[in-house]
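Here's the structure we're looking at; comments come further down.
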Amino acid sequence: MPAEPWGFLHHARVEFRKRPIAERLRDWRAVLQLPLTETARTQAARCMDCGVPFCHAGCPLGNLIPEWNEYVARGEWHRALDSLHSTNNFPEFTGWLCPAPCEPACVLAINASPVSIKQVELAIIEHAWARDWVRPCPAPIRTGRRVAVVGSGPAGLAAAQQLARAGHDVHVFERDDRIGGLLRYGIPDFKLEKRVVDRRLGQLAAEGVRFRPGVDAGTDVSGEWLRARYDAVVLAVGALRPREVDLPGRGLAGVHQAMDYLPQANRVAAGDLRTPTIDAYGRHVVIIGGGDTGADCLGTANRQGAVEVRQLDHNPRPPELRDDDTNPWPQWPRVHRVSPAHEEGVVEDWSREVVAFAGDEQGHVRRVRTAVVERRFDAHGHRWFHVVRDSEEDLPAELVLLAAGFVGPDTVPLLDQLEVQLDPRTGTVLVDDEWETTAPGVYSCGDAQRGASLVVWAIAEGRACAARVDRALTGRGVLPEPVAPSSRPL
Ligand SMILES: Cc1cc2nc3c(=O)[nH]c(=O)nc-3n(C[C@H](O)[C@H](O)[C@H](O)COP(=O)(O)OP(=O)(O)OC[C@H]3O[C@@H](n4cnc5c(N)ncnc54)[C@H](O)[C@@H]3O)c2cc1C
Ligand code: SF4
Numbered sequence: 001m002p003a004e005p006w007g008f009l010h011h012a013r014v015e016f017r018k019r020p021i022a023e024r025l026r027d028w029r030a031v032l033q034l035p036l037t038e039t040a041r042t043q044a045a046r047c048m049d050c051g052v053p054f055c056h057a058g059c060p061l062g063n064l065i066p067e068w069n070e071y072v073a074r075g076e077w078h079r080a081l082d083s084l085h086s087t088n089n090f091p092e093f094t095g096w097l098c099p100a101p102c103e104p105a106c107v108l109a110i111n112a113s114p115v116s117i118k119q120v121e122l123a124i125i126e127h128a129w130a131r132d133w134v135r136p137c138p139a140p141i142r143t144g145r146r147v148a149v150v151g152s153g154p155a156g157l158a159a160a161q162q163l164a165r166a167g168h169d170v171h172v173f174e175r176d177d178r179i180g181g182l183l184r185y186g187i188p189d190f191k192l193e194k195r196v197v198d199r200r201l202g203q204l205a206a207e208g209v210r211f212r213p214g215v216d217a218g219t220d221v222s223g224e225w226l227r228a229r230y231d232a233v234v235l236a237v238g239a240l241r242p243r244e245v246d247l248p249g250r251g252l253a254g255v256h257q258a259m260d261y262l263p264q265a266n267r268v269a270a271g272d273l274r275t276p277t278i279d280a281y282g283r284h285v286v287i288i289g290g291g292d293t294g295a296d297c298l299g300t301a302n303r304q305g306a307v308e309v310r311q312l313d314h315n316p317r318p319p320e321l322r323d324d325d326t327n328p329w330p331q332w333p334r335v336h337r338v339s340p341a342h343e344e345g346v347v348e349d350w351s352r353e354v355v356a357f358a359g360d361e362q363g364h365v366r367r368v369r370t371a372v373v374e375r376r377f378d379a380h381g382h383r384w385f386h387v388v389r390d391s392e393e394d395l396p397a398e399l400v401l402l403a404a405g406f407v408g409p410d411t412v413p414l415l416d417q418l419e420v421q422l423d424p425r426t427g428t429v430l431v432d433d434e435w436e437t438t439a440p441g442v443y444s445c446g447d448a449q450r451g452a453s454l455v456v457w458a459i460a461e462g463r464a465c466a467a468r469v470d471r472a473l474t475g476r477g478v479l480p481e482p483v484a485p486s487s488r489p490l
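Read the sequence shown against UniProt numbering and you will find it ends at 490, with the numbers running on by one and no gaps.
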């Protein structure tokens, strides 16, 4: 029974509060602000507990959304926390970062504004951290089994925490100097402050997870070494190989992959680096590609003091409202989205493709040559882009950032040493229904097997993979098994 059966009639949806643009452009701190306790309670009270909670199906973790909405609306924060943690190891990562596919799936979204599920989730976990309720949960019994997790992004961390709680000795290997994967080096602090990652790592360490940063598996330790010392190996190595843009002028100075640019900004925000070697200050910046990576380049370039930032996308601008015939509820709406970074200043160029980069005598990029394209589909429904004749236009650009997506794991020596096969079609690690790769005893989860995706999927897969590893190691599993590989794509 919902706390307020007619709450959705009495309370309007409230969006996230954000810091003023002029203020947030001067620092790297989080743009979104925590919902006030009372706001979280009234927003949670909008949940009608509709009987068939489509929001569950919208959430890759299967979060028990109506349950914790009811607890929050009643002010029962401890119970809300237990419910939330029963399906999600790291609700603060999703609370700050998730695009919330649960919300368009909310039954209220059929003809009204959905419940602000993500804000309620964030309020629960931050309420708990502020009161020191998030405590280590070490396993009562040790199994004596050893597991190596390679990669410390959300998938590796979720798998590691679950396996440690099942009593296994877990060592997390990470080639970067700090733990966190893309949460640490990739996603900017203005979306996720790194203290949020650090305090959760403290909990994992207290539960017995051992971190080995600065170890590149496949180079510093071999696949054979891992196999000899561990009863199971979990590959959570991400999908960090960027899609290349093979065009005239690609080799010019000032044309960079987004992931050569963003981690430097993370290091500056962390105080590890004084100035980035790739800097947007005083430059016309062109970002090629959209999505989270493009938006993060945009927010970073504006904070560094770019003169102007343009974002090019070869797709036509999506509609403002969903088309109910071709994209009905509860599907993820294919509409034009504006991230906080876009509100801070951008020139969006839709249906436009780069055809070449042009530089000066010193070999530094100065212009991007673009052309208008039309999206077309062939007889098999495959998308292609027709370049419109005489539509070329040069744009000023002293910094070009390529954010055209990722094409699979970039850790070839390790995969070769372990004899792990990749899917020839997608370039990602092949796994069976047990999350096991083609190499027995070697498992994979997260972006490495799914392809570049979302934090919520990485956590869901880390949990599911851990459950299968645990069962294989002990013959009986004590961990919940939430999702099957590659199911329910967003
Ligand atoms: C710029 C950017 C912004 C994003 N923003 C969002 C967002 O706002 N919301 C959202 O939901 N998702 C976002 N995503 C996607 C999300 O970050 C990923 O889906 C998620 O981090 C995948 O988690 P993972 O654990 O599978 O891999 P990763 O987070 O990629 O972690 C893999 C780790 O493995 C390590 N590794 C690889 N090979 C080795 C090796 N041989 N030895 C040791 N370590 C190794 C890597 O160094 C890395 O740290 C974003 C992605 C990018 C690139
Ligand atoms: S993790 Fe994401 S999809 Fe799931 S409830 Fe939270 S915001 Fe919604």
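Positions of the beta carbon are idealized from the N, C-alpha and C atoms, including for glycine.
What you are looking at is a predicted structure, and each value in this text was computed from that prediction instead of being measured.
In the three-state DSSP reduction, Ser83 falls in the helix class (H, G or I). Thr411 and Leu262 have their C-alpha atoms spaced approximately 20 Å apart. For Trp77, the closest C-alpha among the options Ala40, Pro53, Pro99 is that of Ala40. In this structure, the C-beta of Glu244 stays at least 6 Å away from each heavy atom of ligand 2. Between the alpha carbons of Ala397 and Glu353 lies a distance of about 15 Å. Using a 10 angstroms sphere on the CB of Phe377, the tally of other CB atoms stays under 16, which defines it as exposed. For the options Asn111, Glu126, Gly51, Leu25, the alpha carbon positioned closest to that of Val72 is the one of Glu126.
For Thr277, the secondary structure class from DSSP, reduced to helix, strand or coil, is coil. Segment contact: the region 155-169 against the region 473-480, three or more CB-CB distances shorter than 8 Å; contact assigned. Sixteen is the threshold: since fewer than 16 other Cβ atoms of the shown chains lie within 10 Å of the Cβ of Gln421, the residue is exposed. Within a 10 Å sphere around the beta-carbon of His314 sit 16 or more other beta-carbons, which makes this residue buried.
Fully enclosed alpha helix (DSSP H) runs of no fewer than 4 residues occupy 102-105, 117-130 of the region 100-140, in order along the chain. Short note on Arg227: C-beta not closer than 6 Å to any heavy atom of ligand 1. For Lys118, the shortest separation between its Cβ and any heavy atom of ligand 2 lies below 6 Å.
For Ala403 against Gly291, the beta-carbon gap comes to about 7 Å, under 8 Å, which counts as contact.
Only residues of its own chain outside the window of five on either side were considered, and among them Leu84, Glu121, Ile125 have a CB closer than 6 Å to the CB of Pro91, listed in chain order.
In the structure shown, Trp96 falls within a helical segment according to DSSP collapsed to helix, strand and coil. Of Arg267, Val170, Gly180, Ser152, the smallest CA-CA separation from Ala232 is found for Val170. Using a 10 angstroms sphere on the CB of His10, the tally of other CB atoms stays under 16, which defines it as exposed. Scanning His380, Gly381, Arg369 for the CA closest to the CA of Val387 turns up Arg369.
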